[in-house]
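Asker: Below you will find the structure I want to go over with you.
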Amino acid sequence: MTDLVMVRLYELMIVIYAISLVFYFVDYFVKRPHLRRIAFWLVSIVWALQSLYLLLYIIEMQRFPILSLYEGILFYSWLLVSLSIILHCIVRVDLPVLVIYSLGFVFVTIHTFMPKRVTSMVHDNLISEMLFIHIFSAIVAYAIFTLSFVFSVLYLLMYKMLKEKRTTPIFWQRFPPLEQMMNWMSVSLYIGVPILLISLLLGLEWAILRIASVPLFDPKIIASFLIVLMYSVIIYANRKGKLSSTKYAWVLIGAYIIVVINFFLVSSLSTFHLWY
Numbered sequence: 530m531t532d533l534v535m536v537r538l539y540e541l542m543i544v545i546y547a548i549s550l551v552f553y554f555v556d557y558f559v560k561r562p563h564l565r566r567i568a569f570w571l572v573s574i575v576w577a578l579q580s581l582y583l584l585l586y587i588i589e590m591q592r593f594p595i596l597s598l599y600e601g602i603l604f605y606s607w608l609l610v611s612l613s614i615i616l617h618c619i620v621r622v623d624l625p626v627l628v629i630y631s632l633g634f635v636f637v638t639i640h641t642f643m644p645k646r647v648t649s650m651v652h653d654n655l656i657s658e659m660l661f662i663h664i665f666s667a668i669v670a671y672a673i674f675t676l677s678f679v680f681s682v683l684y685l686l687m688y689k690m691l692k693e694k695r696t697t698p699i700f701w702q703r704f705p706p707l708e709q710m711m712n713w714m715s716v717s718l719y720i721g722v723p724i725l726l727i728s729l730l731l732g733l734e735w736a737i738l739r740i741a742s743v744p745l746f747d748p749k750i751i752a753s754f755l756i757v758l759m760y761s762v763i764i765y766a767n768r769k770g771k772l773s774s775t776k777y778a779w780v781l782i783g784a785y786i787i788v789v790i791n792f793f794l795v796s797s798l799s800t801f802h803l804w805y
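Residue numbers (my numbering): 530 to 805.
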């Protein structure tokens, strides 16, 4: 009965998600404020349904759902919807919210159609609070890096349109100022890098304490620490003025693509990593 309720709840959430996106896109092209307000309230309903689904999943599994890629994508999509709502309240511009919300829908559909991986293969005696915090904070860091990616793409788009003088009054209402987008790109890194580093240190400590022989040259370990190093170098180069604004945006887009590859593919190459 619980499984049926969860399935129906998830289906309802996806339908409302799709309708809200339609309202957002219609408002974007036609400029209808009442449609935007309806879309935002539908987003709020989607967030509430996703939260309820997560809660029911927690009750059913008796743990937080982040121990597999299947569950991680579910949590990641919930984070993206949460970020879109927060940005709507803080930034007060439409396009970044629409892009992040659309990305959330992409990951919701990926979660819907990907094969469900059973997590019972993860032995109970290996699960600890340290492991949960490690995975939880890593996914949060990836969600924050998504912000830097979104604002980088929008920065380049706005820069190109300004350079080609293809702007309209509606254009200025949809986009945040270039300076604000640049600040959000940097703030995302300042928040995401420490969180990811803490996550990796906790994960490594957990592995050393709980696993007899930890392969330090495991692809997942190497790739994750390289991502921290990569973003740290980007922060350093930007603060030293070695990256122009557009080059900075392009570098962040490339860095996020590497994060996505690590998120989906590198775990499957790991010889010991439990997040698959």
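Glycine included, each C-beta is placed from N, C-alpha and C at the ideal position.
(1) At the level of alpha carbons, what is the spacing between L583 and A784?
(2) Using the Cβ count rule (16 or more neighbours within 10 Å means buried), how would you classify H563?
(3) Going by C-alpha distance, which of M690, V559 and F634 is nearest I602?
(4) Relative to the alpha-carbon of V669, which residue among V610, L781 and I764 has its alpha-carbon at the smallest distance?
(5) For the ligand ZN, I want to know if L624 counts as a neighbour, meaning its beta carbon is within less than 7 Å of at least one of the ligand's heavy atoms.
(6) Using C-beta distances below 8 Å, list every residue in its chain close to L632, excluding the 5 sequence neighbours before and after it, in chain order.
(7) Does DSSP put P706 in a helix, in a strand, or in coil?
(8) Just to confirm, are A667 and S728 a CB contact at a threshold of 8 Å?
(9) Kindly indicate which three-state DSSP category K769 falls into: helix, strand or coil?
(10) Measuring alpha carbon to alpha carbon, tell me which residue in S717, I614 and M590 is nearest W576.
(11) Buried or exposed for Y719, going by 16 or more other Cβ atoms inside 10 Å?
(12) Identify which residue in G770, Y777 and M711 has its Cα closest to the Cα of Y760.
(13) Secondary structure at K692, three-state DSSP: helix, strand or coil?
(14) With a 10 Å radius around its C-beta and 16 neighbouring C-beta atoms as the bar for buried, classify V722 as buried or exposed.
(15) In whole angstroms, give me the CA-to-CA distance for V682 and W713.
Answerer: To lay it out plainly:
(1) The residue you call residue 583 lines up with position 54 of the sequence shown. The residue you call residue 784 lines up with position 255 of the sequence shown. Rounded to whole angstroms, L583 to A784 spans 29 Å at the Cα level.
(2) As a first step, residue 563 must be located in the sequence shown, where it is residue number 34. The residue is exposed, with fewer than 16 neighbouring Cβ atoms inside 10 Å.
(3) Your numbering for residue 602 matches position 73 in the sequence shown. Nearest of M690, V559 and F634 to I602, Cα basis: F634.
(4) Taking the first residue of the sequence shown as 1, we reach residue 669 at position 140. The residue with the shortest Cα to Cα distance from V669 is V610.
(5) Among the components of this structure there are no ligands whatsoever, and the ligand ZN is therefore not found.
(6) For this step, residue 632 is matched to residue 103 along the sequence shown. Excluding residues up to 5 positions away in sequence, L609, T675 and V679 lie with their Cβ nearer than 8 Å to the Cβ of L632 in the same chain.
(7) In the sequence shown, the residue the question calls residue 706 occupies position 177. Correct three-state label for P706: coil.
(8) Reading the sequence shown from its first residue, position 138 is the one you call residue 667. Reading the sequence shown from its first residue, position 199 is the one you call residue 728. Yes, these two residues count as a Cβ contact at 8 Å.
(9) Residue 769 sits at position 240 when you count from the first residue of the sequence shown. Here K769 carries a coil assignment [DSSP, helix/strand/coil].
(10) Here the question's residue 576 lines up with position 47 in the sequence shown. With distances taken between Cα atoms, W576 lies closest to I614.
(11) Within the sequence shown, residue 719 is the residue found at index 190, counting from 1. Exposed is the label assigned to Y719, since fewer than 16 other Cβ atoms lie within 10 Å of its Cβ.
(12) Working through the sequence shown from its first residue, we reach residue 760 at position 231. If you compare the alpha carbons of G770, Y777 and M711 with that of Y760, the shortest gap goes to Y777.
(13) Taking the first residue of the sequence shown as position 1, residue 692 is located at position 163. Three-state DSSP puts K692 in a helix.
(14) As a first step, residue 722 is located in the sequence shown; it is residue number 193 there, counting from the start. Buried, by the Cβ-count rule.
(15) Here residue 682 corresponds to residue number 153 of the sequence shown, with the count starting at 1. Here residue 713 corresponds to residue number 184 of the sequence shown, with the count starting at 1. Each residue's alpha carbon lies about 12 Å from the other.
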